[in-house]
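A.B. asks:
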Amino acid sequence: MALWGGRFTSNPAEAVFALSRSIDFDWRLAPYDLRSSLAHLSVLEKAKLLQPTDANAIRGALKELQEEVALGTFAPIPEDEDVHSALERGLMLKLGSVGGALRAGRSRNDQVATDLRLYAIDHMLHLGQSVIDLQNAILVKASEYIDAPAPGFTHMQHAQPVSFGHELAKHAHALQRDVDRIQDWFARTSLSPLGAGALAGSSLSLDPLSSATDLGFAGAIPNSIDAVSDRDFVAEALFILAMIGLHLSRMGEEWCLWASTEFGWAKIDDAYATGSSIMPQKKNPDIAELARGKAGRLVGNLTGVLTMLKGLPFAYNRDLQEDKEPLFDSLDTLDLVLPAFTGMVATTHFNREKMAAAAPTGFSLATEIADYLVRAGIPFAQAHEAAGAVVHLCESTGKQLHELSDGEFAAIHPSLKSDVREVLTVDGALKSRGTFGGTAPSEVALQISTLRGNISINSTWITNESKRFSGMMGA
Ligand code: ARG
């Protein structure tokens with residue numbers, strides 16, 4: 169059923185209907201559309217634009233539709249153009265022409281903007297909790313390996329030894345920014361476009377602030393033209409989702425490396441790995457690879473929406489219909505990836521011995537020699553030069569740093585005394601890096617416990633906002 173046939177002499181051509189139809193992907197907005205219809209109904213009622221009996225009949229029918237949509241007993245038919253027209257058909261089926269009264273003072277332009285905001289808020293909050301679940305899984309592992317030394321890398325070359333707990337926890341810190349981003353995105357997104365009408369507001373003395381409050385928004389968008397045009401919230405959400413995807417992708421890459429035979433650090437649990445159809449010995453880190461691969465589509469969805477918005481005139485243009493599929497796809501994608509990834513992290517075992525054995529290799533303690541000389545009053549540039557010469561001598565004599573003789577050390581720099589060997593231990597190197605954020609196990613423990621506190625604050629915030637919004641679901 170078209171919502172706009174009056175001034176036309178013919179129905180749209182089949183190809184046009186097929187092109188403009190959005191019901192195949194926007195039906196998932198139905199619960200939010202019904203919710204905003206109930207809020208709009210109250211506004212019409214307050215403005216005395218509906219007889220109380222009609223208003224009650226419409227409210228009853230909308231509530232019935234809420235149940236029927238949830239049960240699947242009311243569903244779209246091929247003739248429905250979009251979620252709004254399908255639900256209006258449902259209302260008319262129940263009420264006859266009275267059902268059409270709800271359209272007063274409202275347009276699909278403010279309706280769809282409202283529905284999508286509600287959907288986005290609901291799902292971004294849910295996703296935030298899934299990110300928190302992953303953070304918690306990471307931190308459980310990180311705590312387990314605080315005292316396990318491992319080589320730390322720059323340029324994929326051994327750089328300095330680190331606590332493997334520190335190495336793992338860094339991912340939880342990166343994800344913390346994603347949850348923070350969801351929170352400040354939420355503050356901007358929690359404004360209602362409903363009441364903006366097509367673009368100019370309404371002559372029917374409706375109160376957008378009242379429907380905004382009914383729907384759980386913090387307020388109404390202060391400019392009706394902006395209200396129907398703005399899709400910043402979609403682009404921003406897609407950026408946040410892409411960033412989460414990038415974080416998972418970078419983490420996935422590490423899991424792939426660590427699980428390789430060459431590294432042999434990580435043993436992925438059988439339940440979170442896959443086999444090969446031809447090579448019976450294979451155990452593949454497919455979850456990590458899929459996480460890495462799916463980052464591509466998340467970035468693609470963001471790019472698609474930004475490009476669609478570029479140069480788009482205000483106010484509503486049909487181009488905006490293209491905002492939904494990318495958003496739904498990014499949310500669905502992460503909804504799929506996150507639980508699997510979290511399970512993989514929670515069940516991976518790391519080989520302490522192998523990581524510890526690799527920690528001092530590649531002359532990763534050379535910086536300790538330079539720092540030792542700095543403590544003896546030598547300027548760093550000179551200290552760096554001397555430590556470099558130590559590495560050079562080791563390479564040409566096939567020795568490890570601590571294996572050089574007192575004479576060899578002294579020949580390179582007179583301040584290199586025999587006690588230099590004391591700093592040439594992985595344990596000593598780790599313990600000495602107790603600066604804020606550093607890799608000393610005591611410092612890592614502190615970082616983890618501070619982060620845990622922040623995560624729990626975020627988690628409470630999400631629980632409260634989700635409760636508040638779902639409490640409004642019946643509105
Ligand atoms: N399906 C449309 C969308 O998603 C709904 C709004 C249509 N409004 C209009 N004036 N044609 O954007």
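All you need for this note's numbering is the position in the sequence shown, starting with 1, plus 168. Backbone N, C-alpha and C define an ideal beta-carbon position, used for all residues, glycine too.
Under DSSP, the alpha helix (DSSP H) around H339 begins and ends at which residues?
C.D. replies: Start and end: F332 to T357.
A.B. asks: In the DSSP assignment, find the beta strand (DSSP E) that holds F321 and state where it starts and stops.
C.D. replies: Taken as a continuous stretch (DSSP letters only), the beta strand (DSSP E) holding F321 covers P317 to T322.
A.B. asks: Check K451 in the structure and name its three-state DSSP category.
C.D. replies: K451 falls in the coil class under three-state DSSP.
A.B. asks: Threshold first: 4 residues or longer. Then list the alpha helix (DSSP H) segments lying entirely within the segment 510 to 582, N to C.
C.D. replies: Counting only runs of 4 or more, we get 520 to 526, 534 to 543, 548 to 565 and 574 to 580.
A.B. asks: Considering only DSSP beta bridges, list what H326 is partnered with.
C.D. replies: The partner list for H326 (beta bridge, DSSP) reads F321.
A.B. asks: Does ligand 1 have even one heavy atom less than 8 Å from the beta-carbon of L488?
C.D. replies: Correct: L488 has its Cβ closer than 8 Å to ligand 1.
A.B. asks: Give a single yes or no on whether A366 has its beta carbon closer than 8 Å to a heavy atom of ligand 1.
C.D. replies: A366: yes, Cβ under 8 Å from ligand 1.
A.B. asks: Can you tell me whether A439 is helix, strand or coil according to DSSP?
C.D. replies: A439 falls in the helix class under three-state DSSP.
A.B. asks: Is it a yes or a no for the segment 442 to 452 touching the segment 480 to 496, going by three-plus beta-carbon pairs under 8 Å?
C.D. replies: Because the criterion of three Cβ pairs below 8 Å is not met, the segment 442 to 452 and the segment 480 to 496 do not touch.
A.B. asks: By Cβ distance, which residues of its chain are closer than 8 Å to S204, with the 5 residues on each side in sequence left out?
C.D. replies: Excluding sequence neighbours, S204 sits near Q279, T282, D283, L286, L362, S379 and L383.
A.B. asks: On the CB-based measure, 16 or more other CB atoms within 10 Å of its CB, does A579 come out buried or exposed?
C.D. replies: Exposed: under 16 other Cβ atoms inside 10 Å.
A.B. asks: Hey, quick one: how far does the alpha helix (DSSP H) through E249 stretch, first residue to last?
C.D. replies: No alpha helix (DSSP H) holds E249; DSSP gives it neither H nor E.
A.B. asks: Look up A215 in the DSSP assignment and say whether it is helix, strand or coil.
C.D. replies: Note: A215 maps to coil in three-state DSSP.
A.B. asks: Would you identify the three-state DSSP class for R608, choosing helix, strand or coil?
C.D. replies: Residue 608 is actually Ala in this sequence, not Arg. DSSP places A608 in coil when its eight states are reduced to three.
A.B. asks: Within this structure, are the beta carbons of I300 and F637 separated by less than 9 Å?
C.D. replies: Taking 9 Å as the Cβ cut-off, I300 and F637 do not qualify as a contacting pair.
A.B. asks: Within the present structure, is the beta-carbon of E249 separated from the nearest heavy atom of ligand 1 by less than 8 Å?
C.D. replies: Within the cutoff, so yes.
A.B. asks: Might you give, ordered along the chain, the residues of its own chain that have their beta carbon closer than 6 Å to the beta carbon of G267, omitting 5 neighbours on each side?
C.D. replies: Hits under 6 Å: L259 and M260.
A.B. asks: If we call anything under 9 Å between Cβ atoms a contact, is V347 one with G413?
C.D. replies: Not a contact, by the Cβ cut-off of 9 Å.
A.B. asks: Among residues of its own chain, excluding the 5 on either side of K214, which ones have a beta-carbon nearer than 7 Å to its beta-carbon?
C.D. replies: For K214, where only same-chain residues beyond five positions count, the Cβ hits under 7 Å are D375 and S378.
A.B. asks: Would you list the one or two residues that DSSP bridges to S360?
C.D. replies: Answer is A388, bridged to S360.
A.B. asks: Return helix, strand or coil for A368, following the three-state DSSP convention.
C.D. replies: Residue state, collapsed to three classes: coil.
A.B. asks: Around the Cβ of H560, are there at least 16 other Cβ atoms within 10 angstroms (buried) or fewer (exposed)?
C.D. replies: By the neighbour-count rule (16 or more Cβ atoms within 10 Å), H560 is not buried but exposed.
A.B. asks: Could you work out which residue in T618, D500 and K451 is closest to F193 when comparing CA atoms only?
C.D. replies: The candidate whose alpha carbon is nearest that of F193 is D500.
A.B. asks: Helix, strand or coil for A463 per DSSP?
C.D. replies: Note: A463 maps to helix in three-state DSSP.
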